[in-house]
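Protein chains: 2
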Amino acid sequence: MKRIAFLLISVTVISGIVAFTAPASGHADEAAVPIFGITIPPGYRDWRLVSVAHEEGTLHDIRAILGNDVAIQAYRENKVPFPDGTIIARIAWTHVPSEENSKVFGQAQSFVAGTPTNIQFMVKDSKKFAATGGWGFAQFDKTGRPAAEAPLQTCFPCHRKLQGHDLVFTRYAP
Amino acid sequence: MKRIAFLLISVTVISGIVAFTAPASGHADEAAVPIFGITIPPGYRDWRLVSVAHEEGTLHDIRAILGNDVAIQAYRENKVPFPDGTIIARIAWTHVPSEENSKVFGQAQSFVAGTPTNIQFMVKDSKKFAATGGWGFAQFDKTGRPAAEAPLQTCFPCHRKLQGHDLVFTRYAP
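Protein chains in written order, with my numbering: chain A, 323 to 496; chain B, 323 to 496.
Now the structure itself:
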């Protein structure tokens with residue numbers, strides 16, 4: 323498994339996709355270093371709500387999208403592209419039926435947040451992250467451990483398709 | 323229709339359930355006055371997130387539950403019953419598939435917040451709302467118009483079943 327991880331990292335490093343943040347030595351342990359250099363922003367759980375969503379398929383989660391002050395102001399003023407300093411946080415939990423609610427309602431109709439899955443951030447810095455549309459991407463598991471490079475490589479290719487909304491999926495829910 | 327509304331109000335007033343906020347004259351128009359006397363708390367949309375949920379059935383919505391500072395502190399400290407001053411807000415939107423996301427992902431898997439449905443509040447005041455477990459209930463449509471008395475009569479009979487969590491459905495999502 324470690325060998326596979328090492329191989330994956332080697333391939334991505336060689337391919338040059340992550341050249342700007344490639345680990346110097348290529349040790350597998352360094353996969354834990356976030357490739358965009360983003361750490362968990364303090365106090366993000368207190369940020370204001372942008373919107374909510376539910377993903378089916380393999381994700382099968384329910385999620386909240388929060389924004390720092392810069393993000394919320396930009397959203398409310400329909401300011402696109404988002405200004406530098408914008409941080410958008412996506413928190414997610416498993417999408418589970420609530421047994422307690424079902425008992426009260428007399429039928430299964432409520433789905434609630436189960437255990438946390440992971441946390442993702444988009445950080446806008448048009449200079450630092452110029453190679454990826456001005457956005458840095460980060461993901462952390464529920465213990466705060468950053469995602470390896472391979473999953474983070476998949477962010478930009480998908481987000482870049484959203485040119486009409488500055489690479490951001492989520493719209494503001496009034 | 324107006325006659326039915328008048329009859330409903332008369333019945334509830336006579337029954338004494340809403341005696342503490344009964345309209346003086348019984349005109350149907352007064353059904354618009356919230357029976358618990360709760361108005362929309364200023365700035366509630368900026369409150370911090372408690373959790374998210376998805377309701378199927380006739381509701382078919384996706385929702386966010388926010389709390390004022392008293393609520394958030396109580397939730398984080400597992401303080402049950404909630405202290406007076408707690409206000410819990412429930413915002414909801416239609417649960418709709420995102421065509422934009424489906425195009426990007428190549429499959430329909432994303433459900434997002436559509437148009438707002440209504441807003442609900444639970445306000446804790448153990449003296450004022452002693453007759454309903456210390457909680458006042460309110461609902462407003464997306465234009466800010468308060469719900470009539472009849473729907474608000476349905477809140478307490480359901481919430482009272484949640485004795486183990488001070489009549490509150492939502493748990494804090496970390």
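For each residue, glycine too, the CB sits at the ideal point set by N, CA and C.
Inter-residue Cα distance where the pair is residue i and residue j
i: B:I357; j: B:A470; result: 8 angstroms
i: A:T465; j: B:A435; result: 28 angstroms
i: A:F427; j: A:A472; result: 44 angstroms
i: B:E421; j: B:S432; result: 8 angstroms
i: B:V445; j: A:G455; result: 45 angstroms
i: A:Y366; j: A:N390; result: 7 angstroms
i: B:F462; j: B:I362; result: 8 angstroms
i: B:A393; j: B:P405; result: 8 angstroms
i: B:C480; j: A:A411; result: 34 angstroms
i: A:A354; j: A:K450; result: Low local confidence applies: a pLDDT of 47 at A:A354 is under 50, so the model's placement there is unreliable, with the coordinate-based value given in what follows. Their Cα atoms are separated by approximately 20 angstroms.
i: A:I360; j: A:A452; result: 15 angstroms
i: B:W457; j: B:I384; result: 24 angstroms
Cross-chain neighbours of residue i in chain B, by beta carbon under 8 angstroms
i: A:E399; result: Per Cβ cutoff of 8 angstroms: no residues; A:E399 is ~15 angstroms from chain B at best.
i: A:F433; result: A375, H376, E377 and E378
i: A:V426; result: C480, K483, L484 and F491
i: A:Q429; result: G379
Listed by chain order, chain B residues near residue i by CB distance under 7 angstroms
i: A:R370; result: D368
i: A:F491; result: N423
Residue i Cβ short of 6 angstroms to the ligand SAM heavy atom set
i: A:G359; result: What this structure holds is no ligand at all, so the ligand SAM is not there to describe.
Residue range of the alpha helix (DSSP H) that includes residue i
i: A:K425; result: E421 to F427
i: A:E471; result: E471 to Q475
i: B:R398; result: D391 to R398
Within chain B, partners of residue i - CB distance below 9 angstroms
i: A:P438; result: A495 and P496
One or two residues paired with residue i in a DSSP bridge
i: A:K446; result: A:W457
i: A:F462; result: A:I441 and A:P468
i: A:T416; result: A:D383
i: B:A452; result: None, per the DSSP bridge assignment.
i: B:I410; result: B:G389 and B:M444
i: A:V434; result: A:V418 and B:A375
Endpoints, beta strand (DSSP E) assigned at residue i
i: A:A375; result: R370 to E377
Per-residue contacts from residue i into chain A (C-beta, under 7 angstroms)
i: B:F404; result: Within 7 angstroms Cβ-Cβ: nothing; B:F404 doesn't reach chain A, min ~17 angstroms.
Under 8 angstroms by beta carbon: chain A residues contacting residue i
i: B:A396; result: Simply none; closest approach about 15 angstroms.
Output needed in chain order: residues of the stretch 454 to 488 of chain A with a Cβ under 9 angstroms from some Cβ in chain B. K464, C480, H481, K483, L484, G486 and H487
Short of 8 angstroms Cβ to Cβ, which residues in the stretch 372 to 392 of chain B face chain A? S373, V374, A375, H376, E377, E378, G379, L381, I384, R385, A386 and L388
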